[in-house]
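Mapped onto my numbering, the consecutive letters of the sequence shown carry residue numbers 2 to 302.
Ideal placement from N, C-alpha and C gives every residue a C-beta, glycine not left out.
None of the values given here were measured: they were computed from a predicted structure.
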Amino acid sequence: MNSSVNPFSESSNAAFERVTISSQAGTEAESSPNLSETTLESVNRQQPIPPPSEPMQYRAIGLVRGKYVPSSEQFTKGVLLTSDGVEIETVLLGRIMSLVRNHLDLSQEHLWVVYPRTQPKEGTLHLQVVGVWEPDKLAKQQNTTDQGESPAAPEEMTSTAPFVEDGYFSVRGEIVYQSAPDEHFIVKIKQAPRKDSDKPKYFKLKLNGDLKSKAVGQFWDLHAKRQEKDLVLTEANAIAILPAKPKLKRGGPPRKGGYPFPKRNSETPRPVRKTLDSKPTARPIPKSSVPKPIKRPKPPN
Numbered sequence: 002m003n004s005s006v007n008p009f010s011e012s013s014n015a016a017f018e019r020v021t022i023s024s025q026a027g028t029e030a031e032s033s034p035n036l037s038e039t040t041l042e043s044v045n046r047q048q049p050i051p052p053p054s055e056p057m058q059y060r061a062i063g064l065v066r067g068k069y070v071p072s073s074e075q076f077t078k079g080v081l082l083t084s085d086g087v088e089i090e091t092v093l094l095g096r097i098m099s100l101v102r103n104h105l106d107l108s109q110e111h112l113w114v115v116y117p118r119t120q121p122k123e124g125t126l127h128l129q130v131v132g133v134w135e136p137d138k139l140a141k142q143q144n145t146t147d148q149g150e151s152p153a154a155p156e157e158m159t160s161t162a163p164f165v166e167d168g169y170f171s172v173r174g175e176i177v178y179q180s181a182p183d184e185h186f187i188v189k190i191k192q193a194p195r196k197d198s199d200k201p202k203y204f205k206l207k208l209n210g211d212l213k214s215k216a217v218g219q220f221w222d223l224h225a226k227r228q229e230k231d232l233v234l235t236e237a238n239a240i241a242i243l244p245a246k247p248k249l250k251r252g253g254p255p256r257k258g259g260y261p262f263p264k265r266n267s268e269t270p271r272p273v274r275k276t277l278d279s280k281p282t283a284r285p286i287p288k289s290s291v292p293k294p295i296k297r298p299k300p301p302n
């Protein structure tokens, strides 16, 4: 595992990219942490997970092969039955729902493009489906639905085969917690706001593995592999040391008539509280005022 630190001199907080995959990937603004809308459609048709567009790009995206089984109550919620027999809670995002309903055979396995989430308490994996990676099957369908747009050439699709791996996840963000004895850590990932005026939102993702160094407060580029319902680290690269956050000052301005009390004048003596059982004590006599006994000689016999 590569864990060499290579900090950049300037840190930029890049917004997440949003995937627009050849299979009509979803673009839900509230929970989509990945890949900008400016990503060209032709690039997305060449690889499901493009390389990061800039060094400080936050993202969390991966690939999982399996069958999507919707729940009886709601089509957009269900489970993904993976090729290794694991059931993972899954939801469909955005425009992917119409694609799944109208163009996919759910009795067959598909390679799904997903956003990973981990439950806060259990730490188990939860998936948000944003696309399907089947360019050979979906190119013809999109050619008819996208008003005559020509599909990518077959050689372009196969040229990036190493990036298309079941269970692979790309995670980029700030390390906010790590436990070397338990061999796990937590990454904080920033989401793109829907509007420029909105405050950025964050979510945290748990990964299993050891970063081999103190990484809290640093931006890392992480590669992970899904093992059942966990994300296990396979490669890690330190990108930059993030600036320290200012410490919050405790308390606020004093309330009217409340604490703190006004300072007492040092010249004014403090009053002594008297109790019921207290008795006046006699002033001690200084030792110098007590006369010493005079030793007189005895008379002669």
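Item, Value
"First and last residue of the uninterrupted alpha helix (DSSP H) at S180", "Premise fails: S180 lies in the beta strand (DSSP E), Y169 to S180, not in any alpha helix (DSSP H)."
"When P121, G132 and M57 are compared against A174, the one with the closest alpha-carbon", "Per the sequence shown, residue 174 should be read as Gly rather than Ala. Comparing Cα-Cα distances from G174 to each of P121, G132 and M57, the minimum goes to M57."
"Any 3 or more C-beta pairs closer than 8 Å across the region 61–77 and the region 212–219", "no"
"For V165 and S99, the rounded distance between their alpha carbons", "24 Å"
"DSSP-derived helix/strand/coil call for P52", "coil"
"CA-to-CA distance, K189 to K213, given in whole angstroms", "19 Å"
"Assigned secondary structure, R118 (DSSP; H/G/I helix, E/B strand, else coil)", "strand"
"Those residues which DSSP pairs with P71 across a bridge", "G79"
"Three-state secondary structure (DSSP) of I190", "strand"
"Close beta carbons around H224, own chain, < 7 Å, minus the five adjacent residues each side", "S171, T235 and E236"
"Helix, strand or coil at K205 according to DSSP, with G and I counted as helix", "strand"
"Residues near K78 by beta carbon distance below 6 Å, same chain, minus five either side", "S72 and V92"
"Under 8 Å between C-beta atoms of V133 and L105", "yes"
"K299, DSSP secondary structure in three states", "coil"
"Cβ distance (whole Å) where T119 is taken to contact K207 below 8 Å", "4 Å"
"Proximal residues to S108 (C-beta, below 8 Å), its chain only, five neighbours per side dropped", "K68"
"Terminal residues of the beta strand (DSSP E) in which V92 lies", "E88 to L93"
"Endpoints, the beta strand (DSSP E) within which V131 is located", "L126 to V133"
"Y169 beta carbon less than 8 Å from that of L64", "yes"
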